[in-house]
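> Chains as they are written, first to last, in the numbering used here: chain Y, 82 to 377; chain Z, 182 to 533. Glycine included, each C-beta is placed from N, C-alpha and C at the ideal position. Source: prediction; values computed, not measured. Following this message is one structure expressed as structure tokens.
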């Protein structure tokens, strides 16, 4: 009943817009960095009216858009105020009652539900394509991504070395926080042909300096943003908590953009390739061709 | 004789109260209208009128007004009133101007239960999906009550509740509770950590008719119950023994107050998370304005608490729209300086 009144209202809205020709979504709210990237890759960026705070790419296009807040802490009225006719939400979006309320108030929510992995990007692209009415383009994009992923998988499988990598999500006065099992960083390390030094621990947990010494990782992996906050690679190697590590002494520190490395979107195959190349400097890994969604 | 002596003390504050209480009522109405009218979606007073009277208005706007704004504003009013009344009652009970409901463990217990639910809730598969929305508030409410009962039991001496012991027991038990929350943030993954964090800062974002139908009636009963105990609280300002000789059943009153505050604040916290400072600011401002007699103090604090939460929540919705700020940030950020200014101004006046 309420649904019908809303449909009537939105039909009125559509009539009021002279340039509108189709029923494809015209006012999209994209929630989740990967969602946003896919919407832009499918050419619907111009119809995105707002994004969440984890949507950072494509930088120039996303920066000026209104932000509806952190993706786990959305507000019904904030999103409604952007007058969306489609809310594309990634798996982490919530709270659930907010999404339910949006749906019941006539703002259609498309909520993707598979957990974050490199493989889940394929169904995610198809999901967005379906919601946007771009099934054919999405299919082509998913296939390209899938082939890129297979190419880098094959290249990594041929590598003999398996360097130990410690991902540090936080480095500060209160200590280090590393990525254990079940984390995005852990998955990326494995995909890139490395071994997670902090395996056996669940989630992002504090690492004691002694444990990091004992693990003696070949590489330290950090987000570019974290490295910049500390003041660059040199500053990182001089941190008391890290200075004793062989990886710090030899400056084997890999910094990748956090969003690029950890959001499991269409750029993930390229991120795996970049990480694999960084932790296997002796091997020659083929570069993946640039894709429309990897070059802003 | 007791009646007359208390009546005299009320007589002496009657004049400021006669001015301030009506002002506060006007303030509540104004703040309520403001909070219904303002938000990220622009809404005119005419549209609000049309939505309320069934007049012609855009269906989506009507939903926003009737399903989001009004229940949320009612929630703000109820939560503000119950937090302020809880603070007033605790300050009277402990004869300590810094006391607030956190002291008897209700917020801490609720937070611990909520954090447990955030971290382990997914494995509680026995909860039917339809009840999931209410399972966490229910757990938080239970957690608050359990911790209050524990603290109250620890403070039992020869069949009476020893208030000084209760204060100290409260501090100790709260420390244990905080350690528990700390442990949960360690066990939890990053997503759960963020959720716990946001919960601890409070939000009225989850309001709706369902949550309000739980919080509203409880808040009303608790405010009325505390008002019913206003004279005992007045008596207890002189001391427990003195109150006893004045003919009050102090033990029963203490238990009633603790149960009422725990139930009221527990319900509010369960749905809206921890909202700090209102329980201290509102009663103090009223006390400075109209004096310490509890009947008017409780009414004034309830009204002012409602105004503060209504305004703070409206700001939360506007400042970072279309996102929303946790309300705890706003109540502390605005409440504390205002409170300080009031205190300092008052100090200068009395020294002059």
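(1) Check whether chain Z comes within 7 Å of residue 303 of chain Y, counting only Cβ atoms and requiring the distance to be less than that.
(2) Kindly indicate the opening and closing residues of the alpha helix (DSSP H) around residue 309 of chain Z.
(3) Is residue 373 of chain Z helix, strand or coil by DSSP?
(4) Going by beta-carbon coordinates alone, are residue 204 of chain Y and residue 167 of chain Y separated by less than 7 Å?
(5) Output the distance between the C-alpha atoms of residue 497 of chain Z and residue 230 of chain Y, rounded to the nearest integer angstrom.
(6) Taking 6 Å as the line, does the beta carbon of residue 327 of chain Z fall inside it for any heavy atom of the ligand FAD?
(7) Quick one: Cα of residue 376 of chain Y to Cα of residue 341 of chain Y, how far?
(8) Rounded to the nearest angstrom, what separates residue 283 of chain Z and residue 104 of chain Y at their Cα positions?
(9) What is the rounded straight-line gap between the Cα of residue 197 of chain Y and the Cα of residue 156 of chain Y?
(10) Can you give the Cα-Cα distance for residue 313 of chain Y and residue 115 of chain Y, rounded to whole angstroms?
(11) Have a look at Z:418, Z:377 and Z:350 and flag the residue whose alpha-carbon is nearest the alpha-carbon of residue 335 of chain Z.
(12) If you follow the alpha helix (DSSP H) that residue 422 of chain Z is in, where does it begin and where does it stop?
(13) Would a C-beta distance cut-off of 7 Å place residue 512 of chain Z and residue 458 of chain Z closer than the cut-off?
(14) Assign residue 313 of chain Z to one of two classes, buried (16 or more other C-beta atoms within 10 Å of its C-beta) or exposed (fewer than that).
(15) Could you tell me if residue 92 of chain Y is buried or exposed, where buried requires 16 or more neighbouring beta carbons within 10 angstroms of its beta carbon?
(16) State the Cα-Cα distance for the pair residue 133 of chain Y and residue 199 of chain Y, rounded to the nearest angstrom.
(17) In this structure, how does DSSP classify residue 305 of chain Y when only helix, strand and coil are distinguished?
(18) Could you work out which residue in Z:386, Z:482 and Z:290 is closest to residue 252 of chain Z when comparing CA atoms only?
(19) Please work out which residues of its chain come closer than 6 Å, Cβ to Cβ, to residue 365 of chain Y, disregarding the five sequence neighbours upstream and downstream, and give them in chain order.
(20) Let me know the secondary structure DSSP gives residue 344 of chain Y once reduced to three states.
(21) At which residue ranges does the segment 229-257 of chain Y contain complete beta strand (DSSP E) runs of 3 or more residues, listed in the order of the chain?
(22) Around the Cβ of residue 352 of chain Z, are there at least 16 other Cβ atoms within 10 angstroms (buried) or fewer (exposed)?
(23) How would you label residue 519 of chain Z, buried or exposed, when you count the other beta carbons within 10 angstroms and need 16 or more for buried?
(24) Counting Cβ pairs closer than 8 Å, one from the segment 456-470 of chain Z and one from the segment 322-335 of chain Z, do we hit at least three?
(25) So residue 288 of chain Y is in the alpha helix (DSSP H); what residue range does that whole segment cover?
(26) Would residue 249 of chain Z and residue 158 of chain Y be called neighbours here (beta carbons separated by less than 7 Å)?
(27) Which residues does DSSP pair with residue 299 of chain Z in a beta bridge?
(28) Using only the alpha-carbon positions, how far apart do residue 361 of chain Y and residue 335 of chain Y sit?
(29) Closest to residue 54 of chain Y by C-alpha separation, out of Y:110, Y:353, Y:260 and Y:194, would be which residue?
Result, derived from the coordinates:
(1) Here residue 303 of chain Y refers to the residue found at position 222 when the first chain is read from its first residue. So, not an interface residue.
(2) Here the question's residue 309 of chain Z lines up with position 128 in the second chain. Where residue 309 of chain Z is concerned, there is no enclosing alpha helix (DSSP H), given that its DSSP letter is neither H nor E.
(3) For the purposes of this step, residue 373 of chain Z is taken as the residue at position 192 of the second chain. It is helical.
(4) On the first chain, position 123 is the one that residue 204 of chain Y refers to. On the first chain, position 86 is the one that residue 167 of chain Y refers to. No, these two residues do not count as a Cβ contact at 7 Å.
(5) Reading the second chain from its first residue, position 316 is the one you call residue 497 of chain Z. Reading the first chain from its first residue, position 149 is the one you call residue 230 of chain Y. If you draw a straight line from the Cα of residue 497 of chain Z to the Cα of residue 230 of chain Y, it is about 43 Å long.
(6) The ligand FAD is not part of the structure shown, which contains no ligands of any sort.
(7) On the first chain, position 295 is the one that residue 376 of chain Y refers to. On the first chain, position 260 is the one that residue 341 of chain Y refers to. Approximately 12 Å between the Cα atoms of the pair.
(8) Stepping through the second chain from its first residue, residue 283 of chain Z is reached at position 102. Stepping through the first chain from its first residue, residue 104 of chain Y is reached at position 23. Straight-line Cα distance between these residues: approximately 53 Å.
(9) On the first chain, position 116 is the one that residue 197 of chain Y refers to. On the first chain, position 75 is the one that residue 156 of chain Y refers to. If you take the alpha carbons of residue 197 of chain Y and residue 156 of chain Y, they lie about 23 Å apart.
(10) As a position in the first chain, residue 313 of chain Y is number 232, starting the count at 1. As a position in the first chain, residue 115 of chain Y is number 34, starting the count at 1. Computed Cα separation, rounded: 27 Å.
(11) Position 154 of the second chain holds residue 335 of chain Z. Answer by Cα proximity: Z:350.
(12) Here residue 422 of chain Z is taken as the residue at index 241 of the second chain, counted from 1. Its alpha helix (DSSP H) spans residues 421-426.
(13) In the second chain, the residue the question calls residue 512 of chain Z occupies position 331. In the second chain, the residue the question calls residue 458 of chain Z occupies position 277. In this structure, residue 458 of chain Z lies closer than 7 Å to residue 512 of chain Z by Cβ.
(14) Start at 1 with the first residue of the second chain, and residue 313 of chain Z comes out as number 132. That one is exposed.
(15) In the first chain, counting from the first residue as 1, residue 92 of chain Y sits at position 11. Any reading at residue 92 of chain Y needs caution, since the residue's pLDDT is 38, under 50, leaving its predicted position unreliable; the model's value is listed next. The residue is exposed, with fewer than 16 neighbouring Cβ atoms inside 10 Å.
(16) Taking the first residue of the first chain as position 1, residue 133 of chain Y is located at position 52. Taking the first residue of the first chain as position 1, residue 199 of chain Y is located at position 118. Rounded to the nearest angstrom, the two C-alpha atoms are 21 Å apart.
(17) On the first chain, residue 305 of chain Y is found 224 positions in, with the first residue counted as 1. It is helical.
(18) Reading the second chain from its first residue, position 71 is the one you call residue 252 of chain Z. Checked all of Z:386, Z:482 and Z:290; the closest Cα to residue 252 of chain Z is Z:386.
(19) If you number the first chain from 1, residue 365 of chain Y lands on position 284. The answer is none, since no qualifying residue turns up.
(20) Translated into the one-based positions of the first chain, residue 344 of chain Y becomes position 263. Residue 344 of chain Y falls in the coil class under three-state DSSP.
(21) 245-253
(22) Residue 352 of chain Z sits at position 171 when you count from the first residue of the second chain. Answer is exposed; the Cβ neighbour count stays below 16.
(23) Numbered from 1 along the second chain, position 338 holds the residue referred to as residue 519 of chain Z. So residue 519 of chain Z ends up on the exposed side.
(24) no
(25) Indexing the first chain from 1 puts residue 288 of chain Y at position 207. Here residue 288 of chain Y belongs to no alpha helix (DSSP H); instead the beta strand (DSSP E) covers 285-288.
(26) Here residue 249 of chain Z is taken as the residue at index 68 of the second chain, counted from 1. Here residue 158 of chain Y is taken as the residue at index 77 of the first chain, counted from 1. Their beta carbons are under 7 Å apart, which means residue 249 of chain Z touches residue 158 of chain Y by this criterion.
(27) By one-based count along the second chain, residue 299 of chain Z stands at place 118. Residue pairing of residue 299 of chain Z in beta bridges, as defined by DSSP: absent, with no partner found.
(28) The count along the first chain starts at 1 and reaches residue 361 of chain Y at position 280. The count along the first chain starts at 1 and reaches residue 335 of chain Y at position 254. Whole-angstrom Cα-Cα distance: 11 Å.
(29) Outside the shown range of chain Y, which is 82 to 377, sits residue 54 of chain Y, and nothing can be said about it.
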